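S.K.: First the structure, which I've put down as structure tokens, then a few questions once you've had a look.
Residue numbers (this note's numbering), protein chains in the order written: chain A, 33 to 362; chain B, 811 to 1047; chain C, 385 to 448.
In structure tokens form, the structure reads like this:
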């Protein structure tokens, strides 16, 4: 073993002469206790002075009350299958060519649909079907579901055109007249249901008593513009480097600076596969950081930059004194 | 400094694994390996090399003790459940303690990483120490991320609906659903803290085993053949 | 004896400095950074520099 070691050339960026020099007293327990107390004082001070943010969650109830037009415009896209969620692809549905890819590398497609969501049924028709004593709504749903798919598409397109000019009259949704069949009643009922708070509960519970999975209400809210507008105001969106930010003036996640930076540079900033591209870049860089000791040139940077001369300046000063007998390594 | 480990005569037969009937015994072999790797004066030293003369060395212990406070404040939040901090001023204060201890944790950990980088602290069989350090950083980011997801406020709504795109693109979203509060909460309070603590403990044990990295050789001796790189303390006592 | 209820204390002392409200941001070329994050990053760099330049107290006694 020692012959092999002798034959292996000493590399100052990989190897080191182990310390043979002086030792000094060191109280590790005392150091840990002092650190524990000091940090406790620090975090109590920070908590007392700055507290922590707690902006209340957006509900479908709040969204539909504040902006019933945006709610209705989103709801029709859920019904006609053109919303962000409806066209998302895996893991929610099988929309063709929706999964992000880099060449043949298309992991989302490979893993497939594991959280199946049919936005028309799950976000619109299903919740409305749970409402009791709503004969007009149920009749509209019956008429819609028994129509052919081309008839449904015609109604949906007509409603989408009309709702583009909808108005919010004292919190009430007012949509211009048009040939959209039962769709007007369906979307109007859904808006009213949301404004009572019933849609929040129905989407979350999924017909069960207990649930902790907010996938459906969150996807529905995120399909609209309201959540994004609130985020834009708080500088939380992607183009605002929002991944690093917290609401208000609180510090956020500065350690995500490199992850969010890639979204701002070409080609990722205009790519429809940006998320996968950035993940691949960050995985490579993370592996590079993890295995840095094995990477030539990168592992030489500490020696080249000589910051260590500042850190160990007392040692180097002592080692340079010719009169000291306990010089290390000799 | 020696300690007498033979006060009880019945122990003498168990101190050497090479003794006949104990040589195959897993317990004895594990204990002997642990004792060799971590003799008490290495596990809890009262001496350190004379070159440890910089304030930058305190950031490792600061990181570990701050992690302890992250866990303690998290446990207090767990006592009363995830909704407590929204309805109670005391709960909100504990949440603030938890948030600022996390900010402090990353603050100290990144400075510790910078310091260890500029010291090239992986030198001399310490590469696994570096590797475990960076891995614990990455796992800590995941733990913090799940914390942000489980706040149950506007911030969590935004973070989850945005982050889902990145995670879904990798295919992991099929199984790891950031919109699923229940799943993310259990990852945050059970799985990831266990991961962080185990990796951090491994990292600290490696530091104790290998010692703090010595300085770069004096430039006058650059390129000279080294003394044997095997650490004397690695050899059986 | 003065008794301070913990809840009252935390109510009184919660957020002496209000970091809520609209945030402040720095725009530098394509970089956008919140002032809060910028302060944290600056502090980290400053603390790192101080940690390596500030003199460390000498320890009494040395032994082999």
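Glycine residues also receive a C-beta, built at the ideal position from the N, C-alpha and C atoms. Computed from a predicted structure; not experimentally measured.
#1: Name the chain A residues that come within less than 8 Å of residue 431(C), Cβ to Cβ?
#2: Where do the N-terminal and C-terminal ends of the beta strand (DSSP E) with residue 410(C) fall, by residue?
#3: Would you report the Cα separation of residue 324(A) and residue 929(B), rounded to the nearest angstrom?
#4: Measuring CB atoms only, is the region 220 to 234 of chain A touching the region 151 to 159 of chain A, in the sense that at least three cross pairs come out at less than 8 Å?
#5: Does DSSP classify residue 1026(B) as helix, strand or coil?
#6: Between the alpha carbons of residue 235(A) and residue 90(A), how many angstroms are there, rounded?
#7: Label residue 991(B) either buried or exposed according to how many other C-beta atoms from any shown protein chain fall within 10 Å of its C-beta, with 16 as the threshold for buried.
#8: Please confirm if the region 191 to 204 of chain A is in contact with the region 99 to 106 of chain A, defined as three or more CB-CB distances below 8 Å between the two stretches.
#9: CB residue 287(A) to CB residue 880(B), shorter than 9 Å?
#10: Which bits of chain A does residue 951(B) rub up against, with CB to CB less than 7 Å?
#11: In the DSSP output, which residue or residues are listed as bridge partners for residue 56(A)?
#12: For residue 278(A) versus residue 139(A), is the C-beta spacing smaller than 9 Å?
#13: Strictly below 7 Å CB to CB, what residues from chain A border residue 875(B)?
#14: Going straight from the alpha carbon of residue 448(C) to that of residue 43(A), what length do you get?
#15: Closer than 9 Å, Cβ to Cβ, to anything on chain B: give me those residues from the region 72 to 91 of chain A, in chain order.
#16: From this set, 947(B), 949(B), 995(B), 903(B), which residue's C-alpha is nearest residue 959(B)'s C-alpha?
#17: Say yes only if the C-beta of residue 994(B) is nearer than 8 Å to one or more non-hydrogen atoms of the ligand HEM, and no if none qualify.
#18: Judging by CA-CA distance, which residue of 980(B), 983(B), 975(B), 936(B) is the nearest neighbour of residue 1013(B)?
#19: Using a cut-off of 8 Å between C-beta atoms, extract the partners of residue 405(C) located in chain A.
#20: Find the residues of chain C that neighbour residue 977(B), judging by a C-beta separation of less than 8 Å, and give them in chain order.
#21: Could you check where the beta strand (DSSP E) with residue 898(B) kicks off and where it finishes?
#22: Got a sec: which bits of the region 414 to 426 of chain C sit with their beta carbon under 9 Å from any beta carbon on chain A, in order along the chain?
#23: Among 145(A), 181(A), 218(A), which residue has its Cα nearest to the Cα of residue 985(B)?
#24: One question on the structure: do residue 179(A) and residue 213(A) come within less than 9 Å of each other, judged by their Cβ atoms?
#25: Answer with yes or no whether the minimum CB distance from residue 434(C) to chain A is below 9 Å.
#26: At what residue ranges does the region 244 to 327 of chain A contain a whole run of the alpha helix (DSSP H), taking only runs of 4 or more?
#27: Buried or exposed: which applies to residue 427(C), given that a residue is buried once 16 or more other Cβ atoms fall within 10 Å of its Cβ?
#28: So the alpha helix (DSSP H) residue 993(B) belongs to, where does it begin and stop?
#29: How about residue 245(A): is its C-beta nearer than 9 Å to some C-beta of chain B?
#30: Which full runs of the alpha helix (DSSP H) of 4+ residues lie inside the region 125 to 158 of chain A, going along the chain?
#31: Contact defined as beta carbons within less than 8 Å: I believe residue 861(B) pairs with residue 273(A). What is the distance between those atoms, to the nearest angstrom?
#32: Run through DSSP, which three-state label would residue 329(A) get?
#33: Using a Cβ-Cβ distance cut-off of 9 Å, determine whether residue 353(A) contacts chain B.
#34: Under 7 Å Cβ to Cβ from residue 211(A), same chain only, skipping five residues before and after it: list those, please.
#35: Under DSSP, the alpha helix (DSSP H) around residue 972(B) begins and ends at which residues?
#36: So what does DSSP say about residue 341(A), is it helix, strand or coil?
M.R.: Checking against the coordinates, here is how it stands:
#1: Within chain A, no residue comes near residue 431(C); the closest Cβ sits about 12 Å away, beyond 8 Å.
#2: 409 to 412
#3: 13 Å
#4: yes
#5: coil
#6: 14 Å
#7: buried
#8: yes
#9: no
#10: 287
#11: 858(B)
#12: no
#13: 64, 67, 68, 71
#14: For residue 448(C), the pLDDT reaches just 38, beneath the cut-off of 50, and the residue's location in the model is therefore unreliable, although a value from the coordinates is still provided. So the alpha carbons of these two residues sit roughly 28 Å apart.
#15: 72, 74, 75, 76, 77, 78, 79, 80, 82, 83, 84, 85, 86, 87, 88, 89, 90
#16: 995(B)
#17: The model depicted lacks the ligand HEM and carries no ligand whatsoever.
#18: 936(B)
#19: 280, 281
#20: None at all; the shortest Cβ gap to chain C is about 23 Å.
#21: Neither: residue 898(B) is in no beta strand (DSSP E) and is coded neither H nor E.
#22: 414, 415, 416, 417, 418, 419, 420, 421, 422, 423, 424, 425
#23: 145(A)
#24: yes
#25: no
#26: 247 to 255, 258 to 265, 289 to 293, 306 to 322
#27: exposed
#28: 991 to 996
#29: yes
#30: 139 to 143
#31: Not quite, the Cβ-Cβ distance comes to about 41 Å (not below 8 Å), so this is no contact.
#32: coil
#33: no
#34: 190
#35: 964 to 979
#36: helix
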